[in-house]
Every structure is written in structure tokens, then in C-alpha cells.
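Q: Protein chains in written order, with the working numbering: chain A, 23 to 434; chain B, 23 to 434. The beta-carbon is built from N, C-alpha and C at its ideal position, and this holds for glycine as well. Quantities reported herein were computed from a predicted structural model and do not represent experimental measurements.
Rendered as C-alpha cells:
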């Protein structure tokens, strides 16, 4: 930890530093690749070693880059590799769900060091919920023996549409008291040197999958979160695509049945209203009333009349016919919408995550079957349709990486 | 034309030149803005005037940039503006449709100087069709008194999916003999100094609308071509989005009716099969057989039993009830698919073009109404849904600009 102490002074003044485009190019190339030799960087950036040398010297002396050992020799002496200095400071990823907070503390390479998770209802409002986030951050930092001034980057995912530049929630259906609340400013009161980003939870999950999961190396893919609602994070040309108003990926309200039931949004037959968690549970309750499943009838009795999508998943795993039908029907509806989006967007992969994705393999099988039979041949030849590799950790990983990407973007 | 002659030598060797990233940055910034002062460029690129001066000098002496007059004064002497040297050479835009070729010749700023258009069936095969393209290019160049070596950039739009890097068509349904045919190489035999790009026709139209039409200044929008089929060009973060296999935007085969008629692709109820040109004509024929329109019955008699979507549009304009119903139904089906895509993609605008878009305002009205009533509130607040401003010229404009954007991308 000697290096961390030595560079402590520099790091707390990170915000006061400024970098020219070439310096930012070097930092970005190193972060994207993990580590690169000086020659690699010269080749990638198409600048001579001579013109880059003062830049390498400055970035190493500021403690932003560090020499991380020897690379593979191309014949002569093996080159020394440059990497991001992990001990430059800490980065935090905060994944705020409708009913839970997940927080992870990482070093500056994005490696998670500490984690915690607790139940919290987002409807208690932003002030109260963010104060719980802050308390948890202090605890995690203190486990590493670090003060608040060592937290230099914070990424926060929230379950609603976000205007990314300001970090403000826009018309969030689940959490109306959060609309327009200055999350960044509220966090900056306690972490005044930190660079803070706020984004929609599914965008954050897509970023996590891209950086640490099954999306590594993919330019274009979709991350589908199936839970209470259904949302989609979009990676386009290696970047999160947010759309013109920050609400891209809001696929839960795509119509799948013009004559279907009226959704809370006012339209009929919205995808999430007929296929997500609540719909799965409701269909099971109806099926039990019609005497179609003894397994679920017993379960509903044991749970005082309340069934969840998780119960249906367990029934399906136990071979219950009603449960399997319900899960397959959801997969078919979701797959139908995704087939259309595959034609439009031609992604390399679709990763399925979120609470309801744990419901079993029938769901994935039905989604995949529907996409492959309904989308065009060319768009599906190389398409992967899989469960998220990171699962419930996609959010915190993504929040950390999105925060780190935004630390060095300031130029003078 | 003195300048053009003076720089003739340099321009024919354009391919032999190489530019560093900063030089390319200067060229790109000037092209995107039309013209900029040296101070503007220094501010935009965040490099000092001193470090940019040798770059300006080189680019002006090579005849790539030219001084194009005085800009607005910020107090002192009005600055001299730099622009792309329009007379550096010629650029051609070639829009190959299923049954027609449109060709335009432009200067190096993208200003169209000459145009021609002729009927040609794409099914005659690539060799024959491209030789007609070449003949027309020679004619257009000779009108300007220029030889073939003065054509330095060629953009070609084709009605099928294209692998952009190679310019090869992949599994094109309308033109199977074109699959894998080396269009770029075939053109380069005659225009060996030209930079050549080949792309799908709808991508090219989207690019045209972005550069010269209603899409100027918009980062994210969709261009919908409604003709024999239905396709979509996607602009994402200011660039054409082609997807992972070059087939992004293939929305014609999105399912709108799982119980609908079987499309030539083998699936049921594909959007284009139930709503595009052929479907409109077929519905009109059926309606006439059922005695629902005297206007169309007369028309069908006058045309020996053949009706087109254009006839239905004319009937609708004349107030024919059946025709209006058919057009509205198509608009509703197309609007329903677009509503889902608006939720997913959150574009700033949708522009409607292609032959069938001339069918009248009922079509646009129905598309717009359906999108606004079905997509989420947030995604439609600022959404524009309009006919293409460029109409049938979108293709050649886009082909020219796509070609020009690719002239200077080579680095050493």
C-alpha cells in the first residue's frame, strides 16, 4: 500500500488536473486493454514513441499509470507494460433496485474489494435512501482503512429513465418522488472529490456485462432485464446507447396484443404487463383457482394466498405442467418482441438477466426458440441468446466501470 | 477552374497521401461544419494555433482545404474561413433500385452538378448493370469536361444487405446473382484512383437526409423506406448504424400478425407483406371484386387488370373510401411496428421515404397517430414523424456524402 500513500496527495486533486486529447487517448487505450507496452500505445495511437514519451512520464509521475511487469518479448528485451494504477483511489458501484441496494467498492482497475447488500424500498425517497447508501460506503471504505476522500468515482444505477448528462430521473413510474432530485449533488456533499455518474439500471447492467461478463469484446448487444418490469440496455459500437431522451430500451411497453388487458401505462397488451413477474404470478393464481396445479395450490396455501414468479419457477423445475406452460408463454411473448428488435438492431448477442430470469431454463429456451424461428436468417446466424454471465452482479460491475470511464474525461 | 487545374496533379495522387490523426481531425471538422476559421479549429480540436499551423499549411498546399472568404468578426479583423476545396475532384452518388439507376455527380463539397436517371432491372446482373453505371458516369463527367481520373469518390447504394467493409451483398432476396459480387473491384477497374463505398440503399438514404435534408443536426433518427418492401436506415450518434452483420433496419419482416398470410420469407404476417406496395394493390383488387369502389373499378379496367399502390393513392386523393381505408390500414400497421421501435430506440425523428410514401397524407397521418398513441409518453414528446425532405433524391445525396466521408480516412 506504499504506492497508494505516496500518490494520495495527487489523487485527491484529480479533479483539478486536466489532460489533453492525446493523454486521454493513452489512458483510455490502457483502461480498455488492461495493460499495454509503450510500443503498443505508439502503434495504436499512431504517434511516434518520441512524441508520446513526455506523456508516459507525466501520467506515471501523477500515479495514473503504473508499470505492471513485463510483456511478451517480440525478439529482444521483453517490454514493460503500463496499466492503470489500481491504488490511485477507490471506485464505488451502487445498484439501486425497487426494493434493494447493492454496493461494491473496487480499486481503480475495477477489481471489486468489498460488497454489501440490503433491503430498501426506493419509495422512501431519495434523501433517506441515499443517506443509507452513504452509510454503507463509509463502512466499506473503513474496512479498507480508507477515508471518504479516497473514493474518487461513484456510479449509481436507478430503476427509471435518466437524463445522463445531469443524472436526473425523468418521469420515473416506480419512484415519483425521485423526479428531478439532484442525486449527483446530494452524493457530492459527502464525496466532493468524486466523479459521479447516474444511469438507468439496465444500462448499467449492460455496461457490466460488456466489461466483466459475456459481452467482453462485443460491439453491439442487448441486455434484457426481466423482473417486475422488462427493460433493455443497449450497447452500440461499444458504448451504452441511451437515445435522444434517455429512455431507449424501454421495451416493457411494446404492444404484444392490441386486444390485451389495460396496462398501468394506459395502453393495452404491453409486453411486461402480460409476461413479466406479476403476470406470471397472476396466471398461476388463476390456474390454481381453475384446479390446474396441485403443487401451486399447496404452495399458495403455505404462503397465505401470495404467489410470486419465483414460486412458479420452482414449480416448473419440479415438473409442474401449469407452471411450465406459464413460463413458456412468457418466453414466447418476450421472444416475439425480441425477434422484431433483432431484425431492427442486428445485435451479436442478447443477454437475459434480472430477478425473473432465475425462473429456469424453460424461459430461455422459449425466448431463444421464438427469436430463431421469427427473426430473419441473416440476423440470427451468429446471434447468441444467453443468460447473463454476471447475473445479479451485473449492476455493481457496470456502475463501477461507468464511473471509472468518466473520471478522466475532463479536458481544459 | 484555375484552381482545379493547378491541383490536378495532387488530387490524382490522393490515394498515395497519408494523414495523421490530427490532420484527419481538421479535415473532418471542416467537412462537418462547411467552413471554420483557424481559431474555430483550434478551439474544437483543443490544440494550440501554433501546433495546428503546419497542418493548415500542408492541407492548403495539397489543395484539400481552401480559404473560402471571411467569417464574422469577434471584434478585430474578421477571420479567414477554411473549407473543403470543392474543385479537388468529383464525387459520384449511384442509387441502384430494383428497377432504376439514379446517378449524380458532385464537387468535393457534395454540391450536385449533374444528374441522370434511367430504368434498369437489377436482375440483369452486376456486370451488365455496372457497365451501364460506368457509361453514365463518363457522360456526366464529359459534361463537365473532365476525364475519368478526376472522379475520386464513388458511393453506391444497392437494394440488399451489404457487408460494409468489403462492399459485398449478403443473401440479397431481390438480386441473387449479385451475392458476393466484387462491386468495388469492378468499379475500380475504370476508376482506379477513386475511393469507393457500397452500402444498403436505405442506409444511404438516411445518410442523405442527415447531410442535406430534414436530419441535419440530428444525432439519432430513423429513415423508413416504403416501396415494394419496407426498410429502415438508422443514424446512431451521428453515424449510420449497420448492425453486427450489416442487416440492421430490416424491419419489413417484423411480425404484425402471427395468424397472417405467409410471406415469401416463410414466416406469417410480416409487416411488408401485409402493408407495403404489393399489399396495398392487392387489397384494392380484392375490394374492387367485392364491388367496394367504382373509381378503382374504372382504373383497373383502363389498365388491363393491373393496379399499383400509386393508383390507390390517386383514388384516396380523389376521396375514394376503399382507397382511404386501405392506406390508413397500412399506416396503422407500419405505425404499430414503429411505435415499438420508438420505445426501443428513442430517436429524435422518423423520416418516411420511398415510392409508396407518395401515396398521400393519409398514410403519414395514420403512421403518426399510431406511434403517438402507442409509444411511451417520454419517447414521443420531442419525436418528429415526417415525410423525407429529400424524397427521391435522398439516395444520391447520401451516396455522395458517404463516399466523401471515406476519402480521407486512410492513415499511415
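1. Going by Cα to Cα distance, which pick from 242(B), 271(B), 251(B) is closest to residue 257(B)?
2. Bridge partners of residue 296(B), per DSSP?
3. Out of curiosity, what's the CA-to-CA distance linking residue 421(A) and residue 229(A)?
4. Apart from the five residues on each side of it in sequence, which residues of its chain come closer than 7 angstroms, Cβ to Cβ, to residue 250(A)?
5. Measuring only between beta-carbons, confirm whether residue 398(A) sits less than 7 angstroms from chain B.
6. Enumerated in chain order, which unbroken segments of the alpha helix (DSSP H) with a length of 4 residues or greater are wholly contained in the segment 131 to 205 of chain A?
7. What separation, rounded to the nearest whole angstrom, lies between the Cα atoms of residue 391(A) and residue 349(A)?
8. CA-CA distance, residue 327(B) and residue 339(A)?
9. Where does residue 122(A) fall in DSSP's three states?
10. Between residue 64(B) and the rest of its own chain, which residues show a CB-CB distance below 8 angstroms, the 5 nearest in sequence each way excluded?
11. Are residue 275(B) and residue 398(A) closer than 7 angstroms when you measure CB to CB?
12. Name, please, each residue of chain B whose Cβ falls closer than 8 angstroms to the Cβ of residue 277(A).
13. Would DSSP call residue 49(A) helix, strand or coil?
14. Which runs of the alpha helix (DSSP H), 4 residues or longer, sit entirely within the segment 325 to 370 of chain A?
15. Are the C-beta of residue 86(B) and some C-beta of chain A separated by less than 7 angstroms?
16. Answer with yes or no whether the minimum CB distance from residue 51(B) to chain A is below 7 angstroms.
17. Where are the alpha helix (DSSP H) runs, 4 residues long or more, that stay fully inside the segment 195 to 279 of chain B, in chain order?
18. Grab me the residues of residue 425(B)'s own chain with a C-beta within less than 6 angstroms of its C-beta, minus the 5 sequence neighbours each way, in chain order.
19. Using 10 angstroms around the beta-carbon of residue 247(A), count the other beta-carbons present and answer buried if the total reaches 16, otherwise exposed.
20. Can you tell me whether residue 49(B) is buried or exposed, with buried defined as 16 or more other CB within 10 angstroms of its CB?
21. Below 6 angstroms CB to CB, which residues in the same chain sit around residue 139(A) once its five sequence neighbours on both sides are set aside?
22. Give me the subset of the segment 46 to 75 of chain B whose CB atoms are less than 7 angstroms from a CB atom of chain A, sorted by chain position.
23. Count Cβ pairs between the segment 404 to 422 of chain A and the segment 362 to 378 of chain A that sit closer than 8 angstroms; are there 3 or more?
24. Is there contact here, the segment 378 to 388 of chain A with the segment 318 to 336 of chain A, by at least three beta-carbon pairs under 8 angstroms?
25. Taking just the CA atoms, how far does residue 277(A) sit from residue 414(B)?
26. Report the three-state DSSP secondary structure of residue 59(A) (helix, strand or coil).
27. Spatial neighbours of residue 31(B) within its chain, please: CB distance less than 6 angstroms, with the 5 preceding and 5 following residues excluded, ordered by chain position.
28. Could you name the residues of chain B that residue 291(A) contacts, counting a contact when the two beta carbons are closer than 9 angstroms?
29. Roughly how many whole angstroms lie between the Cα atoms of residue 225(B) and residue 193(B)?
30. What residues from the segment 250 to 266 of chain A come within 9 angstroms of chain B, judged by C-beta to C-beta, listed N to C?
31. Give me the Cα-Cα distance between residue 312(A) and residue 330(A), rounded to the nearest whole angstrom.
32. Rounded to whole angstroms, what's the CA-CA distance from residue 184(A) to residue 173(A)? Just pull it up for me.
33. Roughly how many angstroms lie between the CA atoms of residue 428(A) and residue 260(A), to the nearest whole one?
34. Which residues, in order along the segment 188 to 200 of chain B, keep a beta-carbon less than 7 angstroms from a beta-carbon of chain A?
35. Taking a contact to mean a Cβ-Cβ separation below 7 angstroms, would you say residue 231(B) touches residue 412(B) in this structure?
36. In the DSSP assignment, find the unbroken alpha helix (DSSP H) run with residue 420(B) in it and report its ends.
A: On the basis of the data shown:
1. What you label residue 257(B) is simply residue 235 of the second chain in a count that begins at 1. Considering only alpha carbons, the answer is 242(B).
2. Position 274 of the second chain, counted from the start, is the residue given in the question as residue 296(B). Beta-bridge partners of residue 296(B) (DSSP): none assigned.
3. On the first chain, residue 421(A) is found 399 positions in, with the first residue counted as 1. On the first chain, residue 229(A) is found 207 positions in, with the first residue counted as 1. Approximately 8 angstroms between the Cα atoms of the pair.
4. As a working mapping, residue 250(A) is identified with position 228 in the first chain. Cβ within range, chain order: 120, 298, 299, 300.
5. Taking the first chain and counting its residues from 1, the one referred to as residue 398(A) is at position 376. By the rule that beta-carbons nearer than 7 angstroms mark a contact, residue 398(A) touches chain B.
6. Counting whole runs of 4 or more residues, the segment 131 to 205 of chain A contains the alpha helix (DSSP H) stretches 148 to 165.
7. Along the first chain, one-based indexing puts residue 391(A) at 369. Along the first chain, one-based indexing puts residue 349(A) at 327. Residue 391(A) and residue 349(A): Cα-Cα distance of roughly 13 angstroms.
8. If you number the second chain from 1, residue 327(B) lands on position 305. If you number the first chain from 1, residue 339(A) lands on position 317. Cα to Cα, residue 327(B) sits roughly 60 angstroms from residue 339(A).
9. As a working mapping, residue 122(A) is identified with position 100 in the first chain. Residue state, collapsed to three classes: strand.
10. For this step, residue 64(B) is matched to residue 42 along the second chain. Close CB contacts of residue 64(B) within its chain, under the 8 angstroms cut and outside five residues either way in sequence, are with 70, 71, 74 (chain order).
11. Mapped onto the second chain, residue 275(B) falls at position 253. Mapped onto the first chain, residue 398(A) falls at position 376. Judged by beta-carbon spacing, residue 398(A) lies within the 7 angstroms limit of residue 275(B), meaning their Cβ atoms are closer than that value.
12. Here the question's residue 277(A) lines up with position 255 in the first chain. Under the 8 angstroms cutoff, chain B gives 358, 361, 362, 396.
13. Locating residue 49(A) in the first chain gives position 27, counting from the first residue. Residue 49(A) falls in the helix class under three-state DSSP.
14. If only complete runs of 4 or more residues are kept, the segment 325 to 370 of chain A shows the alpha helix (DSSP H) at 331 to 339, 343 to 367, in order along the chain.
15. In the second chain, the residue the question calls residue 86(B) occupies position 64. Not an interface residue.
16. The sequence position of residue 51(B) within the second chain is 29, counting from 1. No, its Cβ sits nowhere closer than 7 angstroms to a Cβ of chain A.
17. Qualifying alpha helix (DSSP H) stretches, in chain order: 205 to 212, 223 to 234.
18. By one-based count along the second chain, residue 425(B) stands at place 403. 113, 175, 176, 177, 219.
19. Within the first chain, residue 247(A) is the residue found at index 225, counting from 1. That one is buried.
20. Along the second chain, read from residue 1 onward, the residue named residue 49(B) stands at position 27. It counts as buried.
21. For this step, residue 139(A) is matched to residue 117 along the first chain. Cβ-Cβ distances below 6 angstroms link residue 139(A) to 124 in the same chain, with the five nearest sequence neighbours on each side left out; the list follows chain order.
22. Of all residues in the segment 46 to 75 of chain B, 68 have a Cβ within less than 7 angstroms of some Cβ in chain A.
23. The segment 404 to 422 of chain A is in contact with the segment 362 to 378 of chain A.
24. Three or more beta-carbon pairs drawn from the segment 378 to 388 of chain A and the segment 318 to 336 of chain A are found closer than 8 angstroms, and the two stretches are therefore classed as touching.
25. One-based indexing of the second chain puts residue 414(B) at position 392. One-based indexing of the first chain puts residue 277(A) at position 255. So the alpha carbons of these two residues sit roughly 32 angstroms apart.
26. Here the question's residue 59(A) lines up with position 37 in the first chain. Under the three-state reduction of DSSP output, residue 59(A) falls in the strand class.
27. By 1-based counting over the second chain, the position of residue 31(B) is 9. In this prediction, residue 31(B) scores a pLDDT of 35, lower than 50, which makes its location untrustworthy; no coordinate-derived value is stated.
28. Locating residue 291(A) in the first chain gives position 269, where the first residue counts as 1. Under the 9 angstroms cutoff, chain B gives no residues; its nearest Cβ is about 10 angstroms from residue 291(A).
29. The sequence position of residue 225(B) within the second chain is 203, counting from 1. The sequence position of residue 193(B) within the second chain is 171, counting from 1. If you take the alpha carbons of residue 225(B) and residue 193(B), they lie about 17 angstroms apart.
30. Here the close residues are 254, 256, 258, 259, 261, 263, 264, 265, 266.
31. Sequence index remark: in the first chain, residue 312(A) carries index 290 (1-based). Sequence index remark: in the first chain, residue 330(A) carries index 308 (1-based). Going by the C-alpha atoms only, they are around 18 angstroms apart.
32. In the first chain, residue 184(A) corresponds to position 162, counting from 1. In the first chain, residue 173(A) corresponds to position 151, counting from 1. If you take the alpha carbons of residue 184(A) and residue 173(A), they lie about 23 angstroms apart.
33. Looking up residue 428(A) in the first chain gives position 406. Looking up residue 260(A) in the first chain gives position 238. Between the C-alpha atoms of residue 428(A) and residue 260(A) there is a straight-line separation of about 15 angstroms.
34. Contact residues of the segment 188 to 200 of chain B toward chain A are 192, 193 (C-beta to C-beta distance below 7 angstroms).
35. The residue you call residue 231(B) lines up with position 209 of the second chain. The residue you call residue 412(B) lines up with position 390 of the second chain. The answer is yes: Cβ separation under 7 angstroms.
36. The residue given as residue 420(B) occupies position 398 in the second chain. Per DSSP, residue 420(B) belongs to the alpha helix (DSSP H) from 416 to 427.
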